[in-house]
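Read in order, the letters of the sequence shown are residues 565 to 639 in this note's numbering. Backbone N, C-alpha and C define an ideal beta-carbon position, used for all residues, glycine too.
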Amino acid sequence: MGVPRLITTLQPFSERRKLEGRKVVIDGPGFAYHIIHLCEQAVRPVLPLNQPSPALLGQTALAWLDRLESHGVAV
Numbered sequence: 565m566g567v568p569r570l571i572t573t574l575q576p577f578s579e580r581r582k583l584e585g586r587k588v589v590i591d592g593p594g595f596a597y598h599i600i601h602l603c604e605q606a607v608r609p610v611l612p613l614n615q616p617s618p619a620l621l622g623q624t625a626l627a628w629l630d631r632l633e634s635h636g637v638a639v
């Protein structure tokens, strides 16, 4: 899923900045995809149907958000 060529289209208008001390809005589907990706790396599913548990997904999401906030980022 996603929008074809979105990154390459928007990249000329972007700039890199540190997030510390800033307010951010997190895209829900993008956040979910990122958390699933992190959990899959930790679990390394052997079968396509072997997915991370809901508990692991929740713990990973909260830990990721806590880490952002520990760097002064307001979500």
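Rounded distance between the beta-carbons of residue j and residue i, thought under 8 Å
{"i": "E584", "j": "G636", "result": "5 Å"}
Option in the options with minimal Cα separation from residue i
{"i": "L629", "options": "A596, F577, R608 and S617", "result": "A596"}
{"i": "C603", "options": "V589, G592 and A619", "result": "A619"}
{"i": "V639", "options": "A606, G592, V607 and V588", "result": "V588"}
{"i": "A625", "options": "H601, T573 and L613", "result": "H601"}
Burial state of residue i (16 or more Cβ within 10 Å)
{"i": "I599", "result": "buried"}
Residue i: CB within 7 Å of a non-hydrogen atom of the ligand COA
{"i": "E633", "result": "For the ligand COA, the structure offers nothing, since it holds no ligand at all."}
Cα-Cα separation between residue i and residue j, rounded to whole angstroms
{"i": "R580", "j": "R569", "result": "19 Å"}
{"i": "K582", "j": "Q615", "result": "33 Å"}
{"i": "V607", "j": "L613", "result": "12 Å"}
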